[in-house]
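Residue numbers (my numbering): 530 to 800.
Note that the Cβ used here is the ideal one computed from N, Cα and C, for glycine as well.
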């Protein structure tokens with residue numbers, strides 16, 4: 530197997546595009562193929578803001594992980610992680626504190642298969658194939674037992690994933706299950722598409738993203754997104770546009786106001 534192909538599991542058909550690899554492509558990563566780049570180009574045709582939106586969300590991830598790490602968090606649970614490349618959780622956390630442990634969770638078997646090879650040799654990371662709508666399959670998994678101590682603070686990240694949970698599946702009750710499993714001092718980070726921007730073009734872009742993702746994104750109001758944090762204490766500045774949460778530089782914000790308006794984000798601490 531060539532160096533270029535060394536991260537590709539034999540079980541993965543690289544002639545078929547993968548949503549996880551397309552996202553990697555949009556982020557400027559190297560874990561994608563021509564078929565993924567072709568699909569990515571089609572996504573950009575449908576939604577020209579796709580690349581910028583992916584970058585802004587990843588910038589929020591970096592800021593949230595750094596913040597949690599600075600508060601003493603040394604273990605992280607990233608749900609809906611995709612392929613862990615391009616400044617993902619373990620890269621950010623372990624660069625600051627090498628002892629940090631990270632469990633990635635995704636329901637996409639292609640993303641998980643790639644992740645297992647990419648993370649091989651890093652015994653402080655792991656990956657689990659599971660659906661966030663089945664908390665027990667994540668919280669009681671062998672990988673969670675190996676990597677996470679639920680008696681100590683954990684940083685949970687749910688970025689651009691909860692808006693795929695339909696309202697009838699009760700995302701608020703679902704997140705309560707995760708919050709209840711965490712020790713005091715834990716943190717929860719969420720980014721979520723919103724419907725209160727009043728921008729027709731933004732709504733059309735979200736519809737196109739739903740079509741590209743093969744599901745349906747449920748846009749929610751700021752109040753509905755804030756309710757996902759339950760009784761956790763919101764960290765200043767609260768739930769704000771995802772480009773504006775503790776912005777550290779121009780790279781955190783898109784030049785396109787439309788991109789900056791499509792989602793909210795926040796971080797909250799369990800008392």
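Inter-residue Cα distance where the pair is residue i and residue j
i: residue 559; j: residue 553; result: 7 Å
i: residue 753; j: residue 793; result: 11 Å
i: residue 694; j: residue 602; result: 27 Å
i: residue 595; j: residue 568; result: 32 Å
i: residue 639; j: residue 767; result: 35 Å
i: residue 483; j: residue 751; result: Outside the displayed range of the chain (530 to 800) lies residue 483, so it cannot be described from this structure.
i: residue 724; j: residue 791; result: 8 Å
i: residue 657; j: residue 646; result: 13 Å
i: residue 764; j: residue 798; result: 7 Å
i: residue 705; j: residue 720; result: 16 Å
i: residue 574; j: residue 550; result: 17 Å
i: residue 648; j: residue 620; result: 11 Å
i: residue 745; j: residue 722; result: 12 Å
i: residue 633; j: residue 780; result: 25 Å
i: residue 702; j: residue 618; result: 26 Å
i: residue 760; j: residue 717; result: 11 Å
i: residue 821; j: residue 609; result: No statement about residue 821 is possible, as the shown extent of the chain runs from 530 to 800 and does not include it.
i: residue 772; j: residue 652; result: 33 Å
i: residue 530; j: residue 700; result: Any reading at residue 530 is ruled out, since the residue's pLDDT is 38, under 50, leaving its predicted position unreliable.
Reduced DSSP category for residue i - H, G, I as helix; E, B as strand; rest coil
i: residue 793; result: strand
i: residue 746; result: coil
i: residue 596; result: helix
i: residue 696; result: helix
i: residue 604; result: strand
i: residue 754; result: helix
i: residue 719; result: strand
i: residue 591; result: helix
i: residue 547; result: coil
i: residue 677; result: coil
i: residue 634; result: strand
i: residue 568; result: helix
i: residue 685; result: strand
i: residue 801; result: Missing from the structure shown is residue 801; the chain here goes from 530 to 800 and no further.
i: residue 709; result: helix
i: residue 582; result: helix
i: residue 769; result: strand
i: residue 650; result: coil
i: residue 532; result: Summary for residue 532: the model assigns pLDDT 44, below 50, so the residue's position carries little reliability; its value from the coordinates is reported in the next sentence. Coil, per DSSP.
i: residue 787; result: helix
i: residue 764; result: coil
i: residue 690; result: coil
With 16 other Cβ atoms within 10 Å as the buried cut-off, status of residue i
i: residue 544; result: exposed
i: residue 783; result: buried
i: residue 800; result: exposed
i: residue 555; result: buried
i: residue 587; result: buried
i: residue 770; result: buried
i: residue 757; result: buried
i: residue 627; result: exposed
i: residue 675; result: exposed
i: residue 563; result: exposed
Same chain, Cβ closer than 7 Å to residue i, neighbours up to 5 away in sequence not counted
i: residue 532; result: Note that residue 532 has pLDDT 44, beneath the 50 cutoff, so the model's placement of it is unreliable and no number is given.
i: residue 557; result: 615
i: residue 776; result: 782
i: residue 622; result: 594, 598, 605, 629, 631
i: residue 698; result: 662
i: residue 678; result: 604
i: residue 707; result: 664, 685
i: residue 641; result: 635, 656, 658
Residues of its chain near residue i, where Cβ-Cβ distance is below 8 Å and the 5 sequence neighbours each way are ignored
i: residue 774; result: 589, 592, 593, 766, 794, 795, 796
i: residue 565; result: 546, 547, 550, 551, 553, 554
Neighbourhood of residue i by C-beta distance below 6 Å, restricted to the same chain and skipping five residues each side
i: residue 714; result: 682
i: residue 660; result: 636
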